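What follows is a single structure, written as structure tokens, with notes after it.
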Amino acid sequence: MKTKLFLRGIHLKDFTICSETERLMIRPLQRDDYRNWLHEFESRRPSQHRHDKGRMDMTECTEEWFADLVEKHQDLALNDQAHIFGVFRKEDNRHLGMIDFSTLFRDHFQWGRIGYTIHNQYWKNGYGKEAVKEALQIAFNDLNFHRIEAHINLDNTPSISLAESVGMEFECVRKGFIYEFDKWTDHVVYVKNSES
Numbered sequence: 001m002k003t004k005l006f007l008r009g010i011h012l013k014d015f016t017i018c019s020e021t022e023r024l025m026i027r028p029l030q031r032d033d034y035r036n037w038l039h040e041f042e043s044r045r046p047s048q049h050r051h052d053k054g055r056m057d058m059t060e061c062t063e064e065w066f067a068d069l070v071e072k073h074q075d076l077a078l079n080d081q082a083h084i085f086g087v088f089r090k091e092d093n094r095h096l097g098m099i100d101f102s103t104l105f106r107d108h109f110q111w112g113r114i115g116y117t118i119h120n121q122y123w124k125n126g127y128g129k130e131a132v133k134e135a136l137q138i139a140f141n142d143l144n145f146h147r148i149e150a151h152i153n154l155d156n157t158p159s160i161s162l163a164e165s166v167g168m169e170f171e172c173v174r175k176g177f178i179y180e181f182d183k184w185t186d187h188v189v190y191v192k193n194s195e196s
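So in full-length UniProt numbering, spot 151 of the sequence shown is number 151, and the numbers just go up one at a time.
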């Protein structure tokens with residue numbers, strides 16, 4: 001992924017963001033990830049709770065559609081709107097899920113939002129915690145964010161537990177924060193700053 005970002009005052013025209021942990025590789029999607037990516041979405045179990053999409057209709061997700069998706073991710077990164085990463089298991093390159101950072105405001109704030117999902121067939125292996133913990137380091141060290149927020153439904157206890165497990169702290173409940181489920185919905189906000 002090539003991105004035009006001002007990171008620590010240096011303009012980087014060619015900046016590839018890739019990081020790894022003991023078990024995982026976190027990197028942008030590439031075109032040749034298509035079959036792996038599709039297989040893992042098609043292998044999802046039925047929804048485990050209302051915030052888990054579970055099995056999805058993937059019929060429109062052709063190889064051409066996926067190539068366009070990869071290009072869209074690159075454009076979002078080039079414009080510093082969003083930085084989207086696949087989570088891959090190093091031992092077999094299985095696609096485990098996705099992590100994304102949306103830029104909320106730069107200037108004197110350097111403020112972003114994190115989103116994360118692990119395919120439900122891989123739950124209860126610690127992959128979510130391992131991936132999000134490393135991704136936060138990408139946010140602070142590579143993308144130069146100072147503040148990262150997670151916006152979570154009040155009843156999404158697995159997501160709240162994950163945010164807490166990586167050191168994010170409860171900040172507030174934002175009332176009527178997002179329109180979903182056919183109504184304006186409250187969200188809990190968890191936050192982590194680069195110094196914490």
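Don't be surprised by glycine CBs; every beta carbon is placed ideally from N, CA and C. The model shown is predicted, which means the values in this text are computed figures rather than measured ones.
Sheet register partners of residue i (DSSP bridge)
{"i": "TRP184", "result": "TYR179"}
{"i": "ARG27", "result": "GLY86"}
{"i": "GLU195", "result": "Bridge partners of GLU195: none, in fact."}
{"i": "GLU169", "result": "VAL191"}
Under 8 Å between C-beta atoms of residue i and residue j
{"i": "ASN153", "j": "THR185", "result": "yes"}
{"i": "MET17", "j": "ALA135", "result": "Strictly speaking, residue 17 in this sequence is Ile, with Met absent from that position. No, they are not a contact pair."}
{"i": "ARG35", "j": "ARG44", "result": "no"}
{"i": "ALA192", "j": "SER165", "result": "It should be noted that the sequence gives Lys, not Ala, for residue 192. No, they are not a contact pair."}
{"i": "ALA139", "j": "PHE85", "result": "no"}
{"i": "LEU24", "j": "ALA131", "result": "yes"}
{"i": "SER96", "j": "PHE105", "result": "It should be pointed out that residue 96 corresponds to Leu in this sequence rather than to Ser. It is not a contact, given that the beta carbons lie outside the stated cut-off."}
{"i": "residue 200", "j": "GLN110", "result": "Because residue 200 is not part of the residues shown, which for the chain are 1 to 196, the question remains open."}
{"i": "LEU38", "j": "VAL70", "result": "no"}
{"i": "GLN48", "j": "ASN156", "result": "no"}
Contact belief for residue i with residue j at Cβ below 8 Å, rounded distance in angstroms
{"i": "GLY126", "j": "ILE148", "result": "At roughly 21 Å, the Cβ-Cβ gap does not stay under 8 Å, so GLY126 and ILE148 are not in contact."}
{"i": "SER194", "j": "GLY167", "result": "So it is not a contact: roughly 12 Å between Cβ atoms."}
{"i": "ASP80", "j": "THR103", "result": "5 Å"}
{"i": "ALA163", "j": "TYR122", "result": "Not confirmed; about 18 Å, so no contact."}
{"i": "GLU20", "j": "LYS72", "result": "Going by Cβ atoms, the distance from GLU20 to LYS72 rounds to 25 Å, so no, they are not a contact pair."}
Residue ranges of each beta strand (DSSP E) run of no fewer than 3 residues wholly in the segment 77-157, ordered along the chain? 82-89, 95-105, 111-118, 147-153
Ranges of the beta strand (DSSP E) found wholly within the segment 18-73, counting only runs of at least 3: Counting only runs of 3 or more, we get 24-27.
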